[in-house]
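Numbering (my numbering), first residue to last: 78 to 483. For every residue, glycine included, the Cβ atom is placed at its ideal position computed from N, Cα and C. The block underneath contains the structure these notes are about, expressed in structure tokens.
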Amino acid sequence: MRNLRLPALTRNLLKFACLLALPIFTGGWGMDGKMSTIHVDGPVARTQLDVFMVTLWVTGFIFICVASVLAYATIKFRARSSADEHAEPPPQGHGNPLVEISLIVASVLMLVIIAVPTLKAIWTTYDIPEMDQKDAVNIKATGNQWWFKFEYDEFKQKLPGGRIALRTKDVIHSFWLPKLAGKVDMIPNRGNHLWLKADKTGYYWGQCAEFCGESHGLMRFRAIVLSKEEFKKWTEREGELAHSPSSDAAASAPAENPDRPKVEFASVRGQTYASFDGDMFENWKELQQPAVHEDAALIAKGRQTFMQKGCISCHTVRGHEGVGIVGPELTHVASRTTIAAGVLDNTPENLKQWVLHPNVVKPGNHMYYGTLMPGYMRQGENGWETNFTVNETEADALVAYLHSLR
Ligand code: CUA
């Protein structure tokens with residue numbers, strides 16, 4: 078290789094090409110992940126992907142043209158000896174009018190190629206097509222630091238025509254369901270909206286896509302797409318009041334399915350995050366079934382703790398004592414696949430960690446710092462604590478109560 082002396086630019090281009098080829102030899106591009114914008118499952122996301130592809134091809138074409146001319150000029154006119162380096166520059170002209178005009182025309186043409194599908198996509202993604210309107214569900218999504226609240230027309234007021242109304246309670250958030258639609262910002266004092274449709278039923282992963290504070294990266298959500306009948310069943314179940322175990326329920330092991338996929342934890346800078354490796358859609362379906370075993374005594378104790386620790390002032394549990402609206406509604410919390418806004422798999426162990434150490438799971442969250450009395454933390458036996466800090470026994474009871482709420 079010693080004799081082969083390639084110009085620096087050629088060497089660098091070769092290195093760049095090798096770098097690009099690397100993922101192909103190491104298992105593909107990894108473009109089909111849970112949050113993929115390339116493997117999409119709905120018409121809105123597909124329209125957005127089409128605009129991306131048009132832009133990619135046009136800009137790719139421009140890149141190849143400019144890079145080829147640059148490479149050609151660099152190689153052809155490079156200094157071949159030290160005499161060349163000190164030679165007079167060639168005669169300077171003002172340019173070639175024909176080349177300049179052609180470049181302007183070509184640029185305008187390429188802008189038009191990008192602009193036409195972009196404008197079309199803006200209209201398509203803005204409003205739901207008429208043919209889909211009659212089956213559309215209206216949803217109001219509200220961004221909170223750091224969780225999403227969803228309200229359905231089936232329970233609340235009528236919203237106009239098959240849309241997801243996007244609102245925020247505090248700062249700017251962004252609603253993003255990569256495989257279905259997004260991103261659209263949730264802006265204070267401004268009503269935004271989007272619509273979406275999925276090709277098939279399933280479990281879709283979403284994430285806040287606008288920096289909104291300490292735990293922005295931990296502000297996630299899921300969309301569970303159901304058939305019409307299943308959706309109707311779900312809304313009926315969600316509309317029911319909170320479950321209370323019958324007093325003669327057998328005192329046995331807490332409801333837990335041993336077949337549920339185990340969640341792997343990875344430690345990132347001292348924090349634990351679940352990797353959600355199981356089939357989450359199957360998980361969800363399973364969680365819609367009533368619990369089999371219930372420890373009525375422990376559940377009653379948990380319900381009491383829920384009151385005494387002030388949880389009721391921030392969380393609603395319809396039919397029970399909870400009336401707060403600051404935090405997520407918990408009437409059917411046990412039927413959700415995740416807790417802490419999509420950060421943890423909803424298992425008893427995780428829920429316990431969440432109520433014991435909320436600030437470890439989600440730094441800066443209001444369940445830890447409180448919303449009404451800033452600076453009310455105190456030094457306790459085991460470090461800093463708040464009025465909401467619970468001990469192991471209280472946490473076990475709380476978990477039993479919350480996991481009875483299916
Ligand atoms: Cu909400 Cu980032």
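Straight-line Cα distance separating residue j from residue i
i    : j    : result
S390 : T408 : 14 Å
G268 : V189 : 31 Å
C285 : G419 : 11 Å
K92  : Y149 : 18 Å
P166 : N173 : 18 Å
P194 : S179 : 24 Å
D127 : D212 : 26 Å
F288 : I301 : 25 Å
L449 : E471 : Residue confidence for L449 is low, a pLDDT of 44 falling below 50, so the modelled location carries little weight and cannot support an answer.
A373 : P435 : 26 Å
A160 : A144 : 28 Å
A85  : A94  : 14 Å
W134 : C388 : 54 Å
V146 : H163 : 24 Å
V131 : I141 : 15 Å
R79  : T136 : Because the pLDDT of R79 is 49, which lies under 50, any placement of that residue in the model is unreliable, and the number read from its coordinates should be weighed accordingly. R79 and T136: Cα-Cα distance of roughly 37 Å.
E228 : V214 : 11 Å
L479 : E469 : 15 Å
Residue burial classification, residue i (beta-carbon count within 10 angstroms, cutoff 16)
i    : result
H370 : exposed
Q430 : buried
I216 : buried
N427 : buried
R88  : exposed
I241 : buried
A156 : exposed
R297 : buried
S292 : buried
R244 : buried
D209 : exposed
G170 : exposed
L421 : buried
D473 : buried
R346 : Any answer about R346 is weak, because its pLDDT of 35 lies below 50 and its placement is not dependable; what the coordinates show is given next. By the 10 Å Cβ count, R346 comes out exposed.
DSSP state of residue i mapped onto helix, strand, coil
i    : result
E162 : helix
I389 : helix
V261 : strand
S184 : helix
S344 : The pLDDT assigned to S344 is 37, lower than 50, so where the model puts this residue is not dependable; a value taken from the coordinates is nonetheless given after this. DSSP places S344 in strand when its eight states are reduced to three.
F227 : strand
L303 : coil
A373 : helix
T219 : strand
R267 : coil
H250 : strand
T132 : helix
C142 : helix
Nonlocal neighbours in the same chain, by C-beta distance under 6 Å from residue i, ignoring five residues either side
i    : result
G290 : Q222
N360 : T414
F358 : G279, Y280
H250 : G220, M263, C285, E287, C289
R337 : Only weak support exists for where R337 lies, its pLDDT of 47 falling under 50; the value from the coordinates is given anyway. Closer than 6 Å at the Cβ level, and outside the excluded window around R337, lies no residue.
T466 : none
P120 : K274
Y445 : P435, N436
Cut-off 8 Å between Cβ atoms - residues of its own chain near residue i, not counting five sequence neighbours on either side
i    : result
L364 : A411, S412, R413, T414, N423, R483
W311 : L303, Q365
K277 : D118, V302
F138 : M187
H443 : Q222, C391, V403, G404
P367 : H320, R483
Contacting residues, own chain, Cβ-Cβ under 7 Å from residue i (five flanking each side not counted)
i    : result
K339 : Residue confidence for K339 is low, a pLDDT of 44 falling below 50, so the modelled location carries little weight; the figure read from the coordinates is stated next. Excluding residues within five positions, none has a Cβ falling inside 7 Å.
A319 : V394, R395, G396, H397, T408, L482
L254 : L273, Y281, G283, A300
K111 : W282
K260 : S251, F252, W253, A286
G441 : G290, E291, S292
L475 : G379, T382, F383, V432, V467
P322 : E371, A373, I376, S481
S113 : P255, K256
Query raised in the report: Can we say the stretch 196 to 214 touches the stretch 270 to 279, given the rule of at least three CB pairs closer than 8 Å?
Result: yes
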